[in-house]
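At position 226 of the sequence shown (counting the first as 1) the number is 225 in numbering that gives the first Met the number 0, and the numbers step up by one without a gap.
In this text, a Cβ means the ideal position worked out from N, Cα and C, and glycines have one as well.
None of these values were measured; they are calculated from a predicted model.
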Amino acid sequence: MNLDEHTTTWKQLNDHLSEWVRASKVHTEDGHVASYIPELANAPADILGICIMDAEGNTVAAGDTDYHFTLQSISKVFTLILALMDNGEEMVFSKVGMEPTGDDFNSMLKLELVEPGIPFNPLINAGAIAISSLIAGNTPDEQTQRILQFFRELADNPALDINQDVFKSESDTAHRNRSLAYFLKHNGVLDREVDDVLQVYFNHCSIQVNCTDLARMALVLAHNGVDPIRNQRLIPRRFVQIAKTFMFTCGMYNASGEFAMNVGLPAKSGVSGSILTMVPGRYGIGLVSPALNRKGNSTAGVHLLGKLSQEFDWSLF
Ligand code: DON
0 MNLDEHTTTW KQLNDHLSEW VRASKVHTED GHVASYIPEL ANAPADILGI
50 CIMDAEGNTV AAGDTDYHFT LQSISKVFTL ILALMDNGEE MVFSKVGMEP
100 TGDDFNSMLK LELVEPGIPF NPLINAGAIA ISSLIAGNTP DEQTQRILQF
150 FRELADNPAL DINQDVFKSE SDTAHRNRSL AYFLKHNGVL DREVDDVLQV
200 YFNHCSIQVN CTDLARMALV LAHNGVDPIR NQRLIPRRFV QIAKTFMFTC
250 GMYNASGEFA MNVGLPAKSG VSGSILTMVP GRYGIGLVSP ALNRKGNSTA
300 GVHLLGKLSQ EFDWSLF
């Protein structure tokens with residue numbers, strides 16, 4: 000993108016983002032806040048906040064941007080990257096596949112139906128649990144600290160930490176994830192103990208951020224692993240390519256096709272109502288709006304990204 004195009008986009012965003020957020024906010028009424036993790040049910044159902052960051056670190060933000068939330072499934076993109084950095088491609092892809100499932104994010108159907116019994120991809124729960132076992136460290140605490148350190152670096156925010164209430168709430172109620180993990184253990188996918196792996200998984204899902212943190216992390220992906228603000232490579236280019244490909248094909252779960260059609264950008268959602276996306280080579284984008292559709296994606300968030308993509312012709316196709 001040339002400088003003029005950036006200037007025009009930035010001006011449009013400054014002039015109109017608040018109005019577009021207001022228009023999308025009505026779609027919070029079409030969804031419901033996640034309640035299967037009891038602590039998440041306390042989230043306000045009617046908010047929407049977004050932050051867009053350019054390569055210099057300038058931001059345009061609108062809506063409820065002070066709201067803090069947990070990363071949930073967005074963390075899976077970055078633990079995948081860390082597992083790739085710790086183990087290399089060959090090892091990681093001996094434990095998880097590369098294909099979308101078309102099933103819900105917490106489904107265990109295909110683990111039994113399709114040989115070998117490894118998760119279809121690293122962004123569904125089963126895949127992300129397998130990935131948690133691959134993070135370097137001798138204990139769950141060491142692994143968690145390694146993840147936190149990496150996320151703090153990417154977000155350029157040393158204060159990022161785990162929301163203990165959300166961690167405990169998920170850990171106490173995650174019967175389905177526990178059964179997924181035991182299934183994986185039985186299939187020989189997990190080399191560590193189930194409880195230890197789940198501790199790491201619940202911890203990274205419970206890392207608390209705001210929209211600016213998300214936009215900052217997305218910016219590094221948008222620039223293929225280089226933090227353009229500090230002019231520093233944080234992730235090898237190939238691993239960002241892998242992560243962005245998964246975001247495109249599986250990042251919005253079994254609504255990834257629809258999102259690709261209507262927005263056309265690599266993205267990842269979390270059940271906290273968060274979405275991390277980017278305009279490759281340009282902007283990092285973080286948003287939150289806790290009301291979700293049946294597939295676990297933020298209703299107002301998806302609507303707003305559709306509007307932005309249309310307005311600025313951001314689809315990659
Ligand atoms: O394991 C879970 O169910 C949650 N910690 C994360 C799921 C999630 O964010 C799915 N996203 N849309």
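Range of the contiguous alpha helix (DSSP H) that encloses residue i
i: Thr330; result: Here the chain comprises residues numbered 0 to 316, so residue 330 is not present and cannot be evaluated.
i: Thr58; result: It is not in any alpha helix (DSSP H) - Thr58 instead sits in the beta strand (DSSP E) that spans Thr58 to Gly62.
i: Ala242; result: Arg236 to Cys249
i: Ser255; result: Ser255 to Asn261
i: Val287; result: Per DSSP, Val287 belongs to no alpha helix (DSSP H); it is in the beta strand (DSSP E), Tyr282 to Val287.
i: Gly305; result: Thr298 to Phe311
i: Asp103; result: No alpha helix (DSSP H) contains Asp103, which DSSP labels as neither H nor E.
i: Leu2; result: Leu2 to Lys24
i: Val91; result: Glu88 to Val91
Continuous beta strand (DSSP E) stretch holding residue i: start and end
i: Thr172; result: It is not in any beta strand (DSSP E) - Thr172 instead sits in the alpha helix (DSSP H) that spans Gln163 to Thr172.
i: Gln71; result: Counting along the chain, Gln71 falls outside any beta strand (DSSP E), and DSSP gives it neither H nor E.
i: Ala266; result: Ala266 to Ser268
i: Gly48; result: Gly48 to Met52
heavy atom of the ligand DON below 7 Å from residue i C-beta
i: Tyr282; result: no
i: Gly269; result: yes
i: Gln207; result: no
i: Ser106; result: no
i: Tyr252; result: yes
i: Gly295; result: yes
i: Cys204; result: yes
i: Asn86; result: no
i: Glu28; result: no
i: Asn124; result: yes
i: Asn230; result: no
i: Asn176; result: yes
i: Gln309; result: no
i: Glu257; result: no
i: Glu169; result: yes
i: Ser17; result: no
i: Gln71; result: yes
Cβ contact check for the stretch 197 to 207 and the stretch 49 to 58: 3 or more pairs under 8 Å: no
Say whether the stretch 286 to 293 touches the stretch 230 to 246, bearing in mind that this needs 3 or more beta-carbon pairs closer than 8 Å, one atom from each stretch. no
Please confirm if the stretch 34 to 41 is in contact with the stretch 168 to 180, defined as three or more CB-CB distances below 8 Å between the two stretches. yes
Count the CB pairs spanning the stretch 107 to 115 and the stretch 244 to 257 that are closer than 8 Å, and state whether there are at least three. no
Jot down the residue ranges of each uninterrupted alpha helix (DSSP H) in the stretch 107 to 133, minimum 4 residues, whole runs only, in chain order. 108 to 112 and 124 to 131
At a cut of 8 Å, does the stretch 76 to 88 reach the stretch 161 to 170 through at least three beta carbon pairs? no
Would the stretch 58 to 71 and the stretch 6 to 21 be scored as touching if the rule is three or more Cβ pairs under 8 Å? yes
Counting beta carbon pairs with one atom in the stretch 127 to 138 and one in the stretch 273 to 284, are three or more of them shorter than 8 Å? no
Where are the beta strand (DSSP E) runs, 3 residues long or more, that stay fully inside the stretch 142 to 213, in chain order? 206 to 208
The stretch 212 to 224 in contact with the stretch 88 to 95 per 3-pair CB rule at 8 Å: no
Would the stretch 181 to 191 count as touching the stretch 112 to 121 if we require 3 or more Cβ pairs under 8 Å? yes
Does the stretch 305 to 313 come into contact with the stretch 65 to 73, if we say contact requires no fewer than three beta-carbon pairs (one atom in each stretch) closer than 8 Å? no
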